[in-house]
Amino acid sequence: MTNSKKVIAIEARLRDCRNVITLGVRPNFSDYSLQEAELIRNAKKIYYPTTFYADLFDAMGKSIFPSYHTYKCVQDKIKQTALFDLLKISHPRTRVFYGKLQKPAITKYFKFPFIGKVPRGSAMGRGVYLIKNEDDLFAYLNIVTPAYIQEYIPSDRDIRVVVIGNRIVHAYWRIAPPGDFRSNISVGGTVSLDPVPEEALDLALHTAQSCKWNDVGIDICMYKDKYYVLEANMKYGKEGFRRAGIDYIKLMEDMIENEEL
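Under our numbering, the letters of the sequence shown match residues 493 to 753, in that order.
What follows is the structure in structure tokens.
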């Protein structure tokens, strides 16, 4: 691969790709060298620009990957839920409660047990709570605001579907560890490469394309013969790729080389 074919990235996600020049994140643009600044200005597209620079590049009309819309929903469950509702994407019943006046009404809308989540900035299974009684709810409300409450769907597994560009690149089951309601690999969940139902794949791709997300892990569960989108993860882990023998770096190199991204 020649230098003329190399693309420019800011974040380190593609640092091991041979056809990517990764410049690193500088909070002050003036901290980039003159050469680096010109590479950014002259690039047709910037890869993984960070949430901060995604806004700026969008304002100046520069193409980025992942998309601007992808960055707008990074680790923001409130925005994701609102978008799912707008687009009529099947999603567990969810409601956000703000302030002291709204929070006492939680048990009017939801019966125990239900799920409480940290609505922004949490990932990898952290900030997810199974609320079984008033004591659990009190403890949750003491540490989380606003309250992001979701109906509990009993299941020992879910499906992770990874969409990059305009296609599904991987899909697998995540099995919850014994005694835990979460199936995240980071909290002890395991990967299963059993076939993923076509209906779940279709829902994931429809969700990503409808929301204009082009680098995302869509989490889906099935309950009473219906599939639900639980949430979207723009900073998904790679263990599922490793277990399937998929070389993520080679995949990204090829997709960039083939102008899929």
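The beta carbon of each residue, even a glycine, is placed where N, CA and C say it ideally should be.
The structure presented is a predicted model; accordingly, all values stated were derived computationally and were not measured.
Going straight from the alpha carbon of residue i to that of residue j, what length do you get?
i           : j           : result
residue 495 : residue 749 : With a pLDDT of 46 at residue 495, under the threshold of 50, the modelled position of that residue is not reliable, and no figure is offered here.
residue 497 : residue 743 : 16 Å
residue 701 : residue 567 : 18 Å
residue 560 : residue 713 : 27 Å
residue 501 : residue 532 : 9 Å
residue 604 : residue 521 : 49 Å
residue 647 : residue 715 : 8 Å
residue 563 : residue 682 : 28 Å
residue 505 : residue 614 : 19 Å
residue 485 : residue 753 : Any property of residue 485 remains undetermined from this structure, which presents the chain solely from 493 to 753.
residue 739 : residue 553 : 32 Å
residue 751 : residue 534 : 18 Å
residue 698 : residue 722 : 14 Å
residue 802 : residue 548 : In this structure the chain extends from 493 to 753, so residue 802 is not present and cannot be described.
residue 503 : residue 516 : 5 Å
residue 735 : residue 591 : 44 Å
Cβ atoms of residue j and residue i: under 7 Å apart, would you say?
i           : j           : result
residue 660 : residue 602 : no
residue 703 : residue 593 : no
residue 572 : residue 724 : yes
residue 707 : residue 656 : yes
residue 741 : residue 565 : no
residue 570 : residue 653 : no
residue 668 : residue 678 : no
residue 664 : residue 737 : no
Please go through the same chain and pick out, in chain order, the residues whose beta-carbon is closer than 7 Å to the beta-carbon of residue i, but skip the five residues on each side of it.
i           : result
residue 606 : 623, 641, 642, 643 and 644
residue 719 : 582, 691, 692, 695 and 712
residue 536 : 555
Would you please verify whether the beta carbon of residue i is less than 7 Å from any beta carbon of chain C?
i           : result
residue 661 : No chain C is present in this structure, which holds just one protein chain.
For residue i, which residues in the same chain have their Cβ closer than 6 Å to its Cβ, ignoring the five residues on either side in sequence?
i           : result
residue 621 : 608 and 632
residue 518 : 524
residue 558 : 706 and 707
residue 513 : 498 and 500
residue 507 : 514
Would you check if there are 3 or more beta carbon pairs closer than 8 Å linking the segment 577–584 to the segment 629–640? Short answer: they don't touch.
Would you say the segment 684–694 touches the segment 536–547, given that touching needs at least three Cβ pairs under 8 Å? With a cut-off of 8 Å, the segment 536–547 and the segment 684–694 do not count as touching, because too few Cβ pairs lie within range.
Could you tell me which uninterrupted alpha helix (DSSP H) segments, each at least 4 residues in length, are contained entirely in the segment 610–674, listed from first to last along the chain? Note on the segment 610–674: whole alpha helix (DSSP H) runs with a minimum of 4 residues are 626–635, in chain order.
Start-end ranges of the alpha helix (DSSP H) lying completely within the segment 522–556, minimum 4 residues: You should have 526–534 and 542–551.
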